[in-house]
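To start, the structure under review is shown below, and the notes come after it.
Number of protein chains: 2
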Amino acid sequence: MTESSPARAAHAPAVLDLAHLHGSLSDPALLSMNLLNEVSDHYPDAVSFAPGRPDPGGFAIEDVHRYLRIWTEHVTEAEPRGAEAARNRLYQYGRTKGVIQDLVARNLAVDENIHADPESILVTVGCQEAMLLVLRALRADDRDVLLATDPAYVGITGAARLVDLPVVPVDSGTTGIDLDDLAAKVREARAAGLRPRACYLVPDFANPTGLSLDVPTRHRLLDLAAELDILLIEDNPYGFFGDGAPPRPTLKSLDTGRRVVYLGSYAKTALPGARIGYVVADQPVVRGGESVGTLADELSKIKSMITVNTPPVAQAVIGGKLLDCDFALREANRDATARYGKRLRHLLDGLAARFPATSPVAWNRPDGGFFLVVTVPFVADDDLLAYSAKRHKVIWTPMHHFYTAGGGLRQLRLSCSSLTPEEIDLGLDRFASLVTDLLERT
Amino acid sequence: MTESSPARAAHAPAVLDLAHLHGSLSDPALLSMNLLNEVSDHYPDAVSFAPGRPDPGGFAIEDVHRYLRIWTEHVTEAEPRGAEAARNRLYQYGRTKGVIQDLVARNLAVDENIHADPESILVTVGCQEAMLLVLRALRADDRDVLLATDPAYVGITGAARLVDLPVVPVDSGTTGIDLDDLAAKVREARAAGLRPRACYLVPDFANPTGLSLDVPTRHRLLDLAAELDILLIEDNPYGFFGDGAPPRPTLKSLDTGRRVVYLGSYAKTALPGARIGYVVADQPVVRGGESVGTLADELSKIKSMITVNTPPVAQAVIGGKLLDCDFALREANRDATARYGKRLRHLLDGLAARFPATSPVAWNRPDGGFFLVVTVPFVADDDLLAYSAKRHKVIWTPMHHFYTAGGGLRQLRLSCSSLTPEEIDLGLDRFASLVTDLLERT
Numbered sequence: 001m002t003e004s005s006p007a008r009a010a011h012a013p014a015v016l017d018l019a020h021l022h023g024s025l026s027d028p029a030l031l032s033m034n035l036l037n038e039v040s041d042h043y044p045d046a047v048s049f050a051p052g053r054p055d056p057g058g059f060a061i062e063d064v065h066r067y068l069r070i071w072t073e074h075v076t077e078a079e080p081r082g083a084e085a086a087r088n089r090l091y092q093y094g095r096t097k098g099v100i101q102d103l104v105a106r107n108l109a110v111d112e113n114i115h116a117d118p119e120s121i122l123v124t125v126g127c128q129e130a131m132l133l134v135l136r137a138l139r140a141d142d143r144d145v146l147l148a149t150d151p152a153y154v155g156i157t158g159a160a161r162l163v164d165l166p167v168v169p170v171d172s173g174t175t176g177i178d179l180d181d182l183a184a185k186v187r188e189a190r191a192a193g194l195r196p197r198a199c200y201l202v203p204d205f206a207n208p209t210g211l212s213l214d215v216p217t218r219h220r221l222l223d224l225a226a227e228l229d230i231l232l233i234e235d236n237p238y239g240f241f242g243d244g245a246p247p248r249p250t251l252k253s254l255d256t257g258r259r260v261v262y263l264g265s266y267a268k269t270a271l272p273g274a275r276i277g278y279v280v281a282d283q284p285v286v287r288g289g290e291s292v293g294t295l296a297d298e299l300s301k302i303k304s305m306i307t308v309n310t311p312p313v314a315q316a317v318i319g320g321k322l323l324d325c326d327f328a329l330r331e332a333n334r335d336a337t338a339r340y341g342k343r344l345r346h347l348l349d350g351l352a353a354r355f356p357a358t359s360p361v362a363w364n365r366p367d368g369g370f371f372l373v374v375t376v377p378f379v380a381d382d383d384l385l386a387y388s389a390k391r392h393k394v395i396w397t398p399m400h401h402f403y404t405a406g407g408g409l410r411q412l413r414l415s416c417s418s419l420t421p422e423e424i425d426l427g428l429d430r431f432a433s434l435v436t437d438l439l440e441r442t
Numbered sequence: 001m002t003e004s005s006p007a008r009a010a011h012a013p014a015v016l017d018l019a020h021l022h023g024s025l026s027d028p029a030l031l032s033m034n035l036l037n038e039v040s041d042h043y044p045d046a047v048s049f050a051p052g053r054p055d056p057g058g059f060a061i062e063d064v065h066r067y068l069r070i071w072t073e074h075v076t077e078a079e080p081r082g083a084e085a086a087r088n089r090l091y092q093y094g095r096t097k098g099v100i101q102d103l104v105a106r107n108l109a110v111d112e113n114i115h116a117d118p119e120s121i122l123v124t125v126g127c128q129e130a131m132l133l134v135l136r137a138l139r140a141d142d143r144d145v146l147l148a149t150d151p152a153y154v155g156i157t158g159a160a161r162l163v164d165l166p167v168v169p170v171d172s173g174t175t176g177i178d179l180d181d182l183a184a185k186v187r188e189a190r191a192a193g194l195r196p197r198a199c200y201l202v203p204d205f206a207n208p209t210g211l212s213l214d215v216p217t218r219h220r221l222l223d224l225a226a227e228l229d230i231l232l233i234e235d236n237p238y239g240f241f242g243d244g245a246p247p248r249p250t251l252k253s254l255d256t257g258r259r260v261v262y263l264g265s266y267a268k269t270a271l272p273g274a275r276i277g278y279v280v281a282d283q284p285v286v287r288g289g290e291s292v293g294t295l296a297d298e299l300s301k302i303k304s305m306i307t308v309n310t311p312p313v314a315q316a317v318i319g320g321k322l323l324d325c326d327f328a329l330r331e332a333n334r335d336a337t338a339r340y341g342k343r344l345r346h347l348l349d350g351l352a353a354r355f356p357a358t359s360p361v362a363w364n365r366p367d368g369g370f371f372l373v374v375t376v377p378f379v380a381d382d383d384l385l386a387y388s389a390k391r392h393k394v395i396w397t398p399m400h401h402f403y404t405a406g407g408g409l410r411q412l413r414l415s416c417s418s419l420t421p422e423e424i425d426l427g428l429d430r431f432a433s434l435v436t437d438l439l440e441r442t
């Protein structure tokens, strides 16, 4: 051992080799998330159809103060120890499950016809933490696998990678999920000695496809999940944003067998900067045949080692927002929903105006949400994206990032949730010139 | 596949068996965290020496509003786009690394003589997320192990368990870490084909022991880490709270070789309810011999799959607090530090008054922090804790929870950070009656 001395020699720097860090750090899913988050920053002059960002509308920082005051007042009036309770709840560490589960439960009853015991709800740091908690709990050993509709949100693929849980892709088909493929994949996995634990999907206006399951498919999926004995992980960030058609029931509201773990988010519907999501996990858990509580209780144990608590300050802001709209958040989002619908129609009309039926460019027509998928007659990869951003000043998302097992090379995702109609027009003009440029080359 | 029909049959509930969930859920470390967090709630009449909670002092909810306004004003003045920049930063998803790293860096320079590039700092949801990120990155495969001083904070043991990273205990000795044991453990692990990656420790007023490394030991530890080629993970939640003696330099401030990954927290020094921690990870990372950035960049990729962002609302509150005290947070904590010191001395004096030198009860004498350890002539386990809480109305923490490889059965931890001198006296009277009760039985 070296002796201590007054004049210290400098040490050579510690260098870490990526080959000796966790494999997820070399995984396409994690690299995609960074690329997708940062591409718009690199080309500030480009019109970006990339981020699925909510539009701030009339948001003002003063709203944060107002929500916080509404929540403070509510706790002060509702609790026996009044103002002291509000102060302690905001100041101190609280229960790992959260401090606003009762308010979330009331919101779910009003907006989604989901009637959840607040004790089965865990408030999380964004929906992303909820995904990680559920996947960490379900991944017991090397045999476990997750099913996920393909293409899928990179956040679920990345979370699965972080807990070393392989993802088995299930064809999205044209209705959001191909049930025959789901059944076949579960059976194949079991035949190979694996344990398919759950199927992840976004039933409403999925990211990246924009697809939604129709109601009969929802019922059939629930029946099939019971038959196959797998859980369904329902992720619902965009359900409010239907363009005209009446809302479809969530899987969780139809779930009579506690098959559905429901992931919710207030990022798109209340305030992204609060980073408040939640999970409803009412599945009973047993040990040696005896009940030990619910999956929510187990997720709470895991959360105590990840973030301990979701910041009470951020929970209080969302709690105030829910109180402010009397738990009818869907109604409070009516203007935003109309705005998103108008933009989506503007995008669809703009595509039709620029690419006639004879054009080799095609796209799907979601009836809501933030996303649609365009198919092009050339490879739309990251290199082309860089070229498009630089030369044509328009940014979009290569679909191949969302495919678990390859595919999507001639597809791209467009989002217009945070673009004005004028920006959409400008962006589409530039996109059309990119297409012309590429078609002239081939 | 079942056909959809108008009248739906109810499904039998999905039941999960704990045996098929992740092993961490049956691990003592995760069960401890819950037990320790909840025991005080079960016995509201008891005096609790259990939680290492900061004292709210004169905190008022209005402070949260004030900090938020200070931060808003700062961004509005500092950024070219002014008020719009502040609004966007608070509203939108931001960079995964955070929105206040520059403020954290200034605070570290003022308070700790640590001069970190803001790009090497990642703002996290409490220090717990920082631990998880670092351990996830370092655990590449089955050969990797973490070293940690024993006994250790359950948060590090639990985070290691979540990423399936075994913990090799290193004796804390009487000075916080036994360097000979550290060297021996690293060599033994290597001889067994394992890869010891880092050693975790709390050099100042450790939880649970209250021990601090003296300055020569700090230098020797840095030399030894370089010699052994391992990282040091320095966790520093209590460093401000020395009782009189001048602050000792952090390992990071002495680190000339980028050996130290520094974990910081504003939970004890600013506002627990904001849940803001951070990690300084300036280690260079290479791939195939070429630089690809720093460990902070890699941690950011992992964070993008755990929480995506630390809530900007919570970051802004802490940013405002840092601006408010002109980055001199240690000075801003002077009154709190004096209060904690007075309580610790009151606890030490109270123990001495109740247990004379001839008593079989002994304790250590930390010179700051929130904790001390009492050794008793009987087994102080969870059963005795329940008995103590019920019969004698006093709560403490069994030390065995903090030992990785067993031990501490006749030790208990006392914390008095959130107790008044009167509560400490009452609690110690009750604790003395518990000791008398137990000694009469044996």
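As they're listed, the protein sequences go chains A and P. Counted the way UniProt numbering counts, the first sequence spans residues 1 to 442. Counted the way UniProt numbering counts, the second sequence spans residues 1 to 442. The beta carbon of each residue, even a glycine, is placed where N, CA and C say it ideally should be.
C-beta neighbour in chain A for residue i, strict 8 angstroms
i: M1 of chain P; result: Residue confidence for M1 of chain P is low, a pLDDT of 36 falling below 50, so the modelled location carries little weight; the figure read from the coordinates is stated next. Interface residue, yes.
i: R413 of chain P; result: no
i: N113 of chain P; result: no
i: P187 of chain P; result: The sequence shown places Arg at residue 187 of chain P, rather than the Pro named in the question. By this cut-off, R187 of chain P is not an interface position.
Interface flag, residue i vs chain P, CB-CB below 8 angstroms
i: M305 of chain A; result: yes
i: R53 of chain A; result: yes
i: V286 of chain A; result: yes
i: Q101 of chain A; result: no
i: Y340 of chain A; result: no
Within 8 angstroms, strictly: CB atoms of residue i and residue j
i: L434 of chain A; j: S388 of chain A; result: yes
i: T404 of chain P; j: A184 of chain P; result: no
i: V170 of chain A; j: D181 of chain A; result: yes
i: E119 of chain A; j: A296 of chain A; result: yes
i: P44 of chain P; j: S417 of chain P; result: no
i: L385 of chain P; j: V39 of chain P; result: yes
i: residue 453 of chain P; j: G264 of chain P; result: The structure shown does not extend to residue 453 of chain P, since chain P spans only 1 to 442, so no value can be given for it.
i: S172 of chain P; j: D150 of chain P; result: yes
i: I233 of chain P; j: V167 of chain P; result: no
i: V379 of chain P; j: Q411 of chain P; result: no
i: A316 of chain A; j: L30 of chain A; result: no
i: G239 of chain A; j: A206 of chain A; result: no
Beta-carbon neighbours of residue i, restricted to chain A and to distances below 7 angstroms
i: N34 of chain P; result: K301, S304
i: I61 of chain P; result: T72, A86, R87, L90
i: V313 of chain P; result: V64, G273, A274, V313, A314, V317
Residue i, enclosing beta strand (DSSP E) - first and last residue
i: E290 of chain A; result: 290-294
i: T149 of chain P; result: 144-150
i: D235 of chain A; result: 231-235
i: G320 of chain A; result: No beta strand (DSSP E) holds G320 of chain A; the alpha helix (DSSP H) holding it covers 312-324.
Per-residue contacts from residue i into chain P (C-beta, under 8 angstroms)
i: N207 of chain A; result: Near N207 of chain A there are no residues of chain P at all, since even the closest Cβ is about 14 angstroms away, more than 8 angstroms.
Residue i: contacting residues in chain A (beta-carbon distance under 9 angstroms)
i: L138 of chain P; result: L16, H20, L21, H22
i: L231 of chain P; result: A14, L16
i: R190 of chain P; result: Going along chain A, no residue has its Cβ under 9 angstroms from R190 of chain P, so there is no contact; the nearest lies around 14 angstroms.
i: L162 of chain P; result: R136, V163, I302, M305, I306
The alpha helix (DSSP H) enclosing residue i, as first and last residue numbers
i: E129 of chain P; result: 126-138
i: R339 of chain P; result: 334-354
i: F371 of chain A; result: That residue, F371 of chain A, is in no alpha helix (DSSP H); its beta strand (DSSP E) goes 371-375.
i: G82 of chain P; result: 82-91
i: L434 of chain A; result: 421-441
Under 7 angstroms from the C-beta of residue i: neighbouring residues of chain P
i: E298 of chain A; result: L21, L25
Under 8 angstroms by beta carbon: chain A residues contacting residue i
i: P28 of chain P; result: Result: empty, since nearest Cβ-Cβ is about 12 angstroms, beyond 8 angstroms.
>> Any C-beta of chain P within less than 9 angstroms: which residues of the stretch 361-389 of chain A qualify?
In response: none
>> Give me the subset of the stretch 118-133 of chain A whose CB atoms are less than 8 angstroms from a CB atom of chain P, sorted by chain position.
In response: V125, G126, Q128, E129, L132
> Of the residues that make up the stretch 320-332 of chain P, which ones have a beta carbon closer than 9 angstroms to any beta carbon in chain A?
Replying inline: The residues in question: there are none.
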